[in-house]
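Since the structure comes first, as structure tokens, the remarks are kept for the end.
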Amino acid sequence: MTPSSPSSATVRTRGCAGLSGSFDVIAATVADVSDADDETTAAPEAKERRSPAFLATAVALPVAVIACFIAFLVLAQQKQGDAREAAEAGHVKSIAAPSSGDAACSTLLGALPADLDGFRRTDDTAPAGFARWSSEKSGAVEVRCGTDRPAELTATAKLQIINGVQWLQAVPAGAPAPDGGSYWTAVDHRPYVTLWVPDGAGTSAVQATSDAIREHLQAASLDLGR
Numbered sequence: 386m387t388p389s390s391p392s393s394a395t396v397r398t399r400g401c402a403g404l405s406g407s408f409d410v411i412a413a414t415v416a417d418v419s420d421a422d423d424e425t426t427a428a429p430e431a432k433e434r435r436s437p438a439f440l441a442t443a444v445a446l447p448v449a450v451i452a453c454f455i456a457f458l459v460l461a462q463q464k465q466g467d468a469r470e471a472a473e474a475g476h477v478k479s480i481a482a483p484s485s486g487d488a489a490c491s492t493l494l495g496a497l498p499a500d501l502d503g504f505r506r507t508d509d510t511a512p513a514g515f516a517r518w519s520s521e522k523s524g525a526v527e528v529r530c531g532t533d534r535p536a537e538l539t540a541t542a543k544l545q546i547i548n549g550v551q552w553l554q555a556v557p558a559g560a561p562a563p564d565g566g567s568y569w570t571a572v573d574h575r576p577y578v579t580l581w582v583p584d585g586a587g588t589s590a591v592q593a594t595s596d597a598i599r600e601h602l603q604a605a606s607l608d609l610g611r
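The structure is reproduced here in structure tokens:
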């Protein structure tokens, strides 16, 4: 608001009518000022009325963030626990292995190396006929000696020969789904030997197991289930 404009209008206006007009301008200006003051006065009152809501939001927001963070930590710990349990259970550790107690299985596992191309043997408390090589990057390589004949071993089955041993890629009965790896069973020696190889582990596990099988287990003809 600038009072100079109404004053100038008063000087230039002559007569009662002019004065009356000046008074009207001044009155209107005063009214505008009064309205502006009312708005200015109302603003702090509105702020005061809104302040409890602002306070509640300011308190609730950090609490919500902390709650979400705690929930995230709990979920992460649960996933880690599930992963540890899954790793402990393994892929071939719990499948049927009726011949795992054979002396041939003990001889085979004793001949397997302590290291497999970055995987270190960690089966100190394993059941009979089981061996495991662990790696933080790629999971674990697992061997189970004395397993059942694979049902997929038929006349049309596709076999792979690795270091003189014939292998069949198939999921054993009762084994977890092959998520992140593959199952292999040596089918031309007895007892049967099943191998779990995680993705990215390379071929060293299959090669080393093949060498031990060829040297320590009895060669046998293929049982095609006919």
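Convert by adding 385 to the 1-based position in the sequence shown; the result is the number in the working numbering.
Just so you know, even glycine gets a beta-carbon here, dropped at the ideal spot from N, CA and C.
Fair warning: this is a prediction, and the values are worked out from it, not measured in the lab.
The beta strand (DSSP E) enclosing residue i, as first and last residue numbers
| i | result |
| --- | --- |
| E527 | G524 to T532 |
| D520 | Residue identity differs from the one stated: residue 520 is Ser in this sequence, not Asp. F515 to S520 is the extent of the beta strand (DSSP E) around S520. |
| R506 | F504 to R506 |
| T541 | No beta strand (DSSP E) contains T541, which DSSP labels as neither H nor E. |
| V572 | No beta strand (DSSP E) contains V572, which DSSP labels as neither H nor E. |
| P583 | Y577 to P583 |
Residue i and residue j closer than 9 Å at C-beta
| i | j | result |
| --- | --- | --- |
| Q592 | I547 | yes |
| Q610 | T539 | In the sequence under discussion, the amino acid at residue 610 is Gly, which differs from the Gln named in the question. Yes, the pair counts as a contact, with Cβ atoms nearer than the cut-off. |
| A586 | L493 | no |
| H601 | A496 | yes |
| R505 | S523 | no |
| V578 | A571 | yes |
Bounding residues of the alpha helix (DSSP H) (the contiguous stretch that carries residue i)
| i | result |
| --- | --- |
| V591 | S589 to H601 |
| L493 | A488 to A496 |
Beta-carbon contacts of residue i that lie in its chain and below 7 Å, excluding the five residues immediately before and after
| i | result |
| --- | --- |
| T541 | none |
| A562 | none |
Own chain residues within Cβ distance below 6 Å of residue i, not counting five before or after
| i | result |
| --- | --- |
| W569 | W552, Q554 and L580 |
| E470 | The predicted position of E470 is uncertain, since its pLDDT is 43 and thus under 50; a value taken from the coordinates is nonetheless stated next. There are no such residues. |
| S595 | I547, N548 and V550 |
Chain-order list of residues whose beta-carbon lies under 8 Å from that of residue i (same chain, five-residue window excluded)
| i | result |
| --- | --- |
| R517 | G475, K478, R506, T507, D508, A511, A525, V526, E527 and V528 |
Is the stretch 500-509 close to the stretch 553-560, with three or more CB pairs under 8 Å?
-> Between the stretch 500-509 and the stretch 553-560, the count of C-beta pairs closer than 8 Å stays below three; the two stretches do not touch.
Cβ contact check for the stretch 479-499 and the stretch 523-534: 3 or more pairs under 8 Å = Segments in contact, yes.
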